[in-house]
Amino acid sequence: MSRVYQAIQQAVKEGQQVSAQQPTIEDLLGLRSQEIPRPHRTETAAPQWIQANGKRSRLNLGDLTREEEMKLVQRVFLLPGPEAPRMTAFTSVEPGNGCSRVCARASEILATLVTGSVCIVDANLRSPSLHRYFGVANSRGLTEAALQFGSLQNGSLQNYVQQLPGRRLYVLPCGSFPLDHHVLLTSEGLRSVLKKLRSQFDYVLVDTPPINHYADVTLLGQCVDGIVLVMEANSTRREAARKAKDSLDAAKLHLLAAVLNKRTYPIPGFLYQKL
625 MSRVYQAIQQ AVKEGQQVSA QQPTIEDLLG LRSQEIPRPH RTETAAPQWI
675 QANGKRSRLN LGDLTREEEM KLVQRVFLLP GPEAPRMTAF TSVEPGNGCS
725 RVCARASEIL ATLVTGSVCI VDANLRSPSL HRYFGVANSR GLTEAALQFG
775 SLQNGSLQNY VQQLPGRRLY VLPCGSFPLD HHVLLTSEGL RSVLKKLRSQ
825 FDYVLVDTPP INHYADVTLL GQCVDGIVLV MEANSTRREA ARKAKDSLDA
875 AKLHLLAAVL NKRTYPIPGF LYQKL
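Laid out in structure tokens, this is it:
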């Protein structure tokens, strides 16, 4: 008798309603939990996270409590020692998976948990949205900074990065649409901007387009410490998720986390704890 069946039977005895289980992150990626690397920090399993010790969990940033959001940020960014990532790129499997919002919420929570500075960068050059989320101007940003840094030896971010009032959170919006995305993404100017951001801020979060549609994150990935991959429950297909994972592997990019967004929990959380 399987553990799932036993858990369901026990729940029925307790008079609680259950329904069919949705695919997990491991199902979508075709991986065992331990195949998604994460620097070891604690043996305590978090209900919303894929752990390296093989315990399964799921994450729904649409309905996370404040405590759950804090756990997500702590387990990605606040690891002790040199393994903790300082510059992280967020990408999704497909458009509409909620990557930009996941990245934005992570930056907001992180800025409340650390004493250092946090900068979020809108590198989704084809469909920028962070300027609307944070309510900042988008007249100049990453595009203009990259062009300036490409023409000057010592550029400054002062005219492009905007600090949110009363917070340790800074926003570098996309700015104008580049004439050639590939040229900008592979330019020395953009690499210089990212290096400057790393030296100027304690944490940098970079929002990028869907990996299965554009190569942007694989081009930027060499400048960051790791990748957070966002998928959508009940929408992302296994083939699409595995294609995204294969692209990350081919580019030799470190997968820090896989987030299953917009999850509805047809099986209640209490039942997951029994599995």
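Numbering (the numbering used here), first residue to last: 625 to 899.
Glycine is no exception: its CB is placed at the ideal position from the N, C-alpha and C atoms.
Three-state class that DSSP yields for residue i in the structure shown
i, result
"Ala761", "coil"
"Cys798", "coil"
"Leu803", "coil"
"Val697", "helix"
"Ala747", "coil"
"Gln787", "strand"
"Asp826", "coil"
"Ala882", "strand"
"Glu707", "coil"
"Gly850", "strand"
"Glu863", "helix"
"Thr736", "helix"
"Glu718", "coil"
"Thr832", "coil"
"Thr618", "One cannot answer for residue 618 here, as it falls past the ends of the chain, which runs 625 to 899."
"Thr810", "coil"
"Ala730", "helix"
"Gly686", "Legend: pLDDT at Gly686 = 46, less than 50; position of this residue unreliable, value from coordinates given subsequently. The answer is coil: DSSP assigns Gly686 none of H, G, I, E or B."
"Leu781", "coil"
"Ala713", "strand"
"Leu872", "helix"
"Leu702", "coil"
"Leu818", "helix"
"Leu877", "coil"
Presumed contact (8 Å Cβ cut-off) between residue i and residue j, rounded CB distance
i, j, result
"Leu808", "Leu814", "6 Å"
"Asn885", "Val854", "5 Å"
"Val883", "Val726", "6 Å"
"Gly720", "Glu856", "7 Å"
Length of the line joining the Cα atoms of residue i and residue j
i, j, result
"Ala747", "Leu702", "23 Å"
"Ala728", "Ile744", "7 Å"
"Phe773", "Ala865", "35 Å"
"Asp873", "Phe714", "15 Å"
"Asn762", "Leu749", "12 Å"
"Pro706", "Leu734", "18 Å"
"Gly779", "Thr832", "23 Å"
"His805", "Asn783", "22 Å"
"Gly790", "Leu771", "30 Å"
"Leu844", "Arg861", "25 Å"
"Leu803", "Tyr838", "16 Å"
"Asp840", "Tyr757", "21 Å"
"Val760", "Ser724", "15 Å"
"Gln846", "Thr739", "27 Å"
"Phe801", "Pro704", "38 Å"
Contact set for residue i: own chain, Cβ-Cβ below 8 Å, skip 5 residues either direction
i, result
"Val700", "Pro709, Thr712, Ala730, Val852, Leu880, Ala881"
"Leu781", "Ala769, Leu796, Val817, Lys820, Leu821, Gln824"
"Cys798", "Asp746, Ala747, Asn748, Leu749, Pro752, Leu754, His755, Asn762, Gly765, Leu766, Thr767"
"Val697", "Ala730, Ile733, Leu734, Leu737"
"Thr810", "Leu843"
Neighbourhood of residue i by C-beta, 6 Å cutoff - its chain only, sequence neighbours within 5 removed
i, result
"Thr842", "Ala875"
"Ser871", "Ile835"
"Ser741", "Arg792, Phe825, Asp826"
"Ala878", "Per the sequence presented here, residue 878 reads as His, with Ala not at that position. For His878, where only same-chain residues beyond five positions count, the Cβ hits under 6 Å are Gly850."
"Asn858", "none"
"Val785", "Tyr794, Leu796"
Beta-carbon proximity list for residue i, same chain, < 7 Å, skipping 5 on both sides
i, result
"Gln787", "Tyr794"
"Val828", "Arg710, Met711, Cys743, Val745, Leu821, Arg822"
"Glu812", "Gly774"
"Glu693", "Arg729, Ile733"
"Ala868", "Val717, Ile835, Asn836, Leu853"
Heavy atom of the ligand COA within 7 Å of residue i beta-carbon
i, result
"Tyr794", "This structure lacks the ligand COA, and indeed carries no ligand of any kind."
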